[in-house]
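Here the protein sequences come in this chain order: A and B.
Heads up: the first sequence at position 128 corresponds to 128 in our numbering, and the numbers run straight through without jumps.
To get our numbering, take the position in the second sequence, counting from 1, and add 212.
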Amino acid sequence: MNHFTYGGLTASEPAERPSQRALAKQRTREKIVGAAKALFAEHGYEGATIRDIAKAAGMSTGAVFASFTDKADLFTDIAETEQAELHAAMRAAGEDKAGREAILAMLKAAAKRHLASLALFQAIMSALWTPFLAEKTRRRLDRRPAAALIIAGVEQEIGDGSGGCVRFIAEMIWDGYLATLRRAALDGLTPELVNARIRDQTNTILAGVRRG
Amino acid sequence: MLDAARQLFEDVGYEAATIRDIARRAGVSVGSVFTGFSSKAHVLGEVIRGRREELYADLERVAPHLRGSTADRVRSLFAVHYAFEFRRLKLFLAYISVAFEWREARESTDLPVLGTNPRLVGMIRDCLAEGVARGDVSSLLDLDQAVDLLLGAYVWNYRLAAGDGADSERLVSRFDHQIGVLFEGFRPAR
């Protein structure tokens, strides 16, 4: 079960006991988010309506709007949480490693998460291309932080003589990773095959930098 | 009807355009749109298919005359792509957004699945295979995977056009650089 953090309020935070009201509010949000995740994954951002989400969560649309401004707000909240959890998992996987090893460990951790909820990932990716949502979302979601995590590994691997090239290469590796995930969704690749492809193409890119 | 839809998607965007708007602009009834198409995505799919035909016909004319290294040939093929899609940028970005719903795209035949067109994939694959024969691409390279990698880089660069307002020149120059790295990596090991 995923653990959600809303506005700094977490279930395990001991500092001050949240009031009954705050707890009830949080439970409502969790219920909405749970229903919304399933519906966004099944129907995509466009296809899932607030009415369906409210129905699945067992409440009125008014109650949903009391917790979230609109569908974009709800969706962005989910995407933010997914992203934060993804980055934590990637960071933990790369922690005790360096260079290529760290990059591959981080991508493997990312693939494990993404393959477990491909449909939701696909809905998020699709929505990021939607102009009207992207305007609102861009302020809340940095689109490239995963590539930023990879930068340190790239720097260790190719040295800092390459200047501004490090970010560029990290983004290439991340874009290649996304292309592989998409292929996994299209062709139903096994996790082993996904990891092998990610390893091969990351090696290709790093070899290209060294030779070029 | 497809012309009306294409113009409308370009003017107001895909999400904002309704079947009713398409019918009005084409001067036909809503019912007759639904006679020809099952959904708005189906209309978009047909618009995109029509444009694909134009693009691939252009590319197939260019392909036999490509010269230089394999990297340069692939650069030329994709430069044609960027120039073509930038003429109707909003339309293409809408397509990427909808096409990323790959699960649904696969279940229905309404929308061409992005990056899997056999003509496009075949053209790039042939170019790589010629590179293997010429000796500047490793015979150990998995060509299908290499095509995915190239197409992935090509498509993802459009996020700079969607978010940062980058023009086609910036995308082409970024992609040229990416091709440089990838083809160094594709070369046979010494």
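In this text, a Cβ means the ideal position worked out from N, Cα and C, and glycines have one as well.
With 16 other CB atoms within 10 Å as the buried threshold, where does His114/A fall? Here residue 114/A corresponds to residue number 114 of the first sequence, with the count starting at 1. By the neighbour-count rule (16 or more Cβ atoms within 10 Å), His114/A is buried.
Counting only beta-carbon separations shorter than 8 angstroms, does Thr81/A have a partner in chain B? Numbered from its first residue, the first sequence carries residue 81/A at position 81. No - not a single Cβ of chain B is within 8 angstroms of the one on Thr81/A.
DSSP state of Met1/A, grouped into three classes? Reading the first sequence from its first residue, position 1 is the one you call residue 1/A. Unreliable placement is indicated for Met1/A, whose pLDDT of 39 sits below 50; no coordinate value is reported for it.
At least 3 beta-carbon pairs within less than 8 angstroms: the stretch 323 to 340 of chain B vs the stretch 352 to 365 of chain B: yes
Following the continuous alpha helix (DSSP H) through His43/A, name the residue where it begins and the one where it ends. Numbered from 1 along the first sequence, position 43 holds the residue referred to as residue 43/A. Gln20 to Gly47 is the extent of the alpha helix (DSSP H) around His43/A.
Can you tell me the Cβ-Cβ gap for Leu271/B and Leu289/B, rounded? I've got them flagged as a contact below 8 angstroms. Counted from its first residue, the second sequence places residue 271/B at position 59. Counted from its first residue, the second sequence places residue 289/B at position 77. With a Cβ gap of about 6 angstroms, Leu271/B and Leu289/B count as contacting.
Go through its chain and collect everything with a Cβ distance to Ala109/A's Cβ below 6 angstroms, but skip five positions before and after it. Position 109 of the first sequence holds residue 109/A. Correct list, in chain order: Ala89, Met90 and Ala93.
Could you give the C-beta distance for Pro404/B and Arg264/B, rounded to a whole number, given that I count them as a contact under 8 angstroms? Because residue 404/B is not part of the residues shown, which for chain B are 213 to 402, the question remains open.
Beta-carbon neighbours of Gln201/A, restricted to chain B and to distances below 7 angstroms: For this step, residue 201/A is matched to residue 201 along the first sequence. The answer, in chain order, is Gln357 and Leu361.
Looking at the secondary structure, which residues open and close the alpha helix (DSSP H) in which Met213/B lies? What you label residue 213/B is simply residue 1 of the second sequence in a count that begins at 1. Premise fails: Met213/B is in no alpha helix (DSSP H) and is neither H nor E.
Exposed unless 16 or more other CB atoms sit within 10 angstroms - verdict on Asn203/A: For this step, residue 203/A is matched to residue 203 along the first sequence. By the 10 Å Cβ count, Asn203/A comes out exposed.
In this structure, does DSSP put Ala401/B in helix, strand or coil? Residue 401/B sits at position 189 when you count from the first residue of the second sequence. Coil.
Rounded to whole angstroms, what's the CA-CA distance from Ala306/B to Gly225/B? Just pull it up for me. Position 94 of the second sequence, counted from the first residue, corresponds to residue 306/B. Position 13 of the second sequence, counted from the first residue, corresponds to residue 225/B. Ala306/B and Gly225/B: Cα-Cα distance of roughly 7 angstroms.
Mapping the DSSP letters down to three states, classify Glu342/B as helix, strand or coil. Residue mapping note: residue 342/B aligns to position 130 of the second sequence, counting from 1. In the structure shown, the three-state DSSP call for Glu342/B is helix.
Name the two residues that bound the continuous alpha helix (DSSP H) containing Tyr366/B. Here residue 366/B refers to the residue found at position 154 when the second sequence is read from its first residue. Note, Tyr366/B: alpha helix (DSSP H), Leu355 to Trp368.
Taking a cut of 9 angstroms between CB atoms, which residues from the stretch 95 to 127 of chain A lie near chain B? Leu118, Ala119, Gln122, Ala123, Met125, Ser126 and Ala127
Can you tell me whether Asp70/A is buried or exposed, with buried defined as 16 or more other CB within 10 angstroms of its CB? If you number the first sequence from 1, residue 70/A lands on position 70. Classification of Asp70/A: exposed, given that the 10 Å Cβ count is below 16.
Check this for me: beta carbons of Ile53/A and Ala41/A, under 8 angstroms apart or not? One-based indexing of the first sequence puts residue 53/A at position 53. One-based indexing of the first sequence puts residue 41/A at position 41. No, they are not a contact pair.
Contact set between Ala152/A and chain B, taken where Cβ atoms lie within less than 8 angstroms: Here residue 152/A is taken as the residue at index 152 of the first sequence, counted from 1. Under the 8 angstroms cutoff, chain B gives no residues; its nearest Cβ is about 19 angstroms from Ala152/A.
Alpha helix (DSSP H) runs contained entirely in the stretch 150 to 202 of chain A, provided each spans 4 or more residues: 165 to 187
Does the distance from the C-beta atom of Tyr45/A to that of Ser117/A stay below 8 angstroms? Taking the first sequence and counting its residues from 1, one reaches residue 45/A at position 45. Taking the first sequence and counting its residues from 1, one reaches residue 117/A at position 117. Their beta carbons are not under 8 angstroms apart, which means Tyr45/A does not touch Ser117/A by this criterion.
8 angstroms Cβ cutoff met for Ile78/A and Ile150/A: Locating residue 78/A in the first sequence gives position 78, counting from the first residue. Locating residue 150/A in the first sequence gives position 150, counting from the first residue. Not a contact, by the Cβ cut-off of 8 angstroms.
Contacts around Ala341/B, its chain only, beta-carbon distance under 7 angstroms, and the 5 residues preceding and following it disregarded: Your numbering for residue 341/B matches position 129 in the second sequence. These residues qualify, in order along the chain: Leu355.
If I'm right that Arg236/B touches Gln219/B with Cβ under 8 angstroms, what's the distance once you round it to whole angstroms? Against the second sequence, residue 236/B aligns to sequence position 24. Against the second sequence, residue 219/B aligns to sequence position 7. 12 angstroms between Cβ atoms; not a contact.
Cβ of Arg318/B less than 8 angstroms from any chain A Cβ? Stepping through the second sequence from its first residue, residue 318/B is reached at position 106. Note that Arg318/B has pLDDT 46, beneath the 50 cutoff, so the model's placement of it is unreliable and no number is given.
Below 8 angstroms on C-beta distance, what does Asp223/B contact in chain A? Within the second sequence, the letter at position 11 stands for residue 223/B. In chain order: nothing, as chain A lies at least about 13 angstroms away.
For chain B, is any of its Cβ atoms less than 8 angstroms away from the one on Val166/A? For the purposes of this step, residue 166/A is identified with residue 166 of the first sequence, where counting begins at 1. Interface flag for Val166/A against chain B is unset, since no Cβ pair is found closer than 8 angstroms.
Phe387/B: contacting residues in chain A (beta-carbon distance under 7 angstroms): Position 175 of the second sequence, counting from 1, holds the residue named residue 387/B. What Phe387/B touches in chain A: nothing, since even the nearest Cβ is about 11 angstroms away.
So, for Asn329/B: in the same chain, excluding its five sequence neighbours on each side, which residues have a beta-carbon less than 8 angstroms away from its beta-carbon? Within the second sequence, residue 329/B is the residue found at index 117, counting from 1. Closer than 8 angstroms at the Cβ level, and outside the excluded window around Asn329/B, lie Arg264 and Tyr268.
Endpoints, the alpha helix (DSSP H) within which Arg300/B is located: Translated into positions along the second sequence, residue 300/B becomes position 88. Premise fails: Arg300/B is in no alpha helix (DSSP H) and is neither H nor E.
Let me confirm a value: His277/B is counted as buried when at least 16 other C-beta atoms fall within 10 Å, else exposed. Which label applies? For the purposes of this step, residue 277/B is taken as the residue at position 65 of the second sequence. It is exposed - the Cβ of His277/B has fewer than 16 other Cβ atoms within 10 Å.
Tell me the DSSP secondary structure of Trp314/B in three-state form. Counting from one through the second sequence, the residue named residue 314/B turns up at place 102. Unreliable placement is indicated for Trp314/B, whose pLDDT of 48 sits below 50; the coordinate value is still reported in the next sentence. Helix at Trp314/B.
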